[in-house]
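First up is the structure itself, then whatever we jot down about it.
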Amino acid sequence: MSLPQYRAWIKSEKKMVPVAKLSLAPESEAGIEYLDDGQARFVPIRDCEIQQALDIYDHSGNRLYFYDVILTKTGIGVLVLCDGNLGLASWVGGGYHCFCSISKAELEASEVMGNIYEDVPEEETAEDLQE
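In C-alpha cells:
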C-alpha cells in the first residue's frame, strides 16, 4: 500500500498543483509544499483546497481524486464520499448531495471530465458555489 497522494487548488493563483509535502502542524504553520520550476513553494492551508487521490484510474488511465467531475453510465457527477462509500453528487442548495453510490469497476469505466475548481464557468467558480 502506498502513501496517500494529494493535489491542491491554489486559490490566489487559480491553479492545481501536485502536493510534494503536506504539513498539518499548528494552524499558523499548516500548509502544502509544491515544486514550481524546481523551487519549493509553501502555501498556507487556508489558501488552498486539498484533494486526495484514490488508487483508482479511469478508462484512459487518469488517476481519480475526490471532487473530480466524472462521466459514468449513471451520469455526470462529482466524486465524493457518501456515508463512507464512494458516490456521485451534484450541487444542491449550498452543498453537495449524493445521488448514487458507485463501484470501483464503474469508476474504472468512467471518464474524468475535470474537477470542481478548474472546470467551472468563470462567472461561477467553485469558491463562489461553496460560500
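With numbering that gives the first Met the number 0 as the guide, the letters of the sequence shown map in order to residues 0 to 130.
Each residue gets a CB set at the ideal place from its N, CA and C atoms; glycine is no exception.
Remember, predicted model here, so these are calculated numbers, not experimental data.
Quick one: give me the first and last residue of the alpha helix (DSSP H) that residue i is part of.
i: L106; result: 103 to 107
With distances taken between CB atoms, is the gap from residue i to residue j smaller than 8 Å?
i: A7; j: V18; result: yes
i: Y64; j: V77; result: no
i: E117; j: S59; result: no
i: V68; j: G113; result: yes
Can you check which of these residues, the options, is closest to residue i by C-alpha distance?
i: I101; options: W90, G92, L80; result: L80
i: L85; options: C97, K14, D35, Y5; result: C97
i: L70; options: R62, D57, D82; result: D57
i: A88; options: A108, Y33, D35, I115; result: I115
i: C99; options: G74, Y33, N61; result: G74
i: K72; options: R62, Y5, A108; result: A108
i: P43; options: K103, G93, K20; result: K20
Rounded to the nearest angstrom, how far is the Cβ of residue i from that of residue j, given a contact under 8 Å?
i: A52; j: P3; result: 7 Å
i: I55; j: L106; result: 5 Å
Within the continuous beta strand (DSSP E) that includes residue i, where are the two ends?
i: L87; result: 84 to 91
i: Y66; result: From DSSP, Y66 is part of no beta strand (DSSP E); its letter is neither H nor E.
i: K20; result: 20 to 22
Legend entry - the segment 9 to 17 in contact with the segment 43 to 51 per 3-pair CB rule at 8 Å: Taking 8 Å as the limit for Cβ pairs, the verdict is that the segment 43 to 51 does touch the segment 9 to 17.
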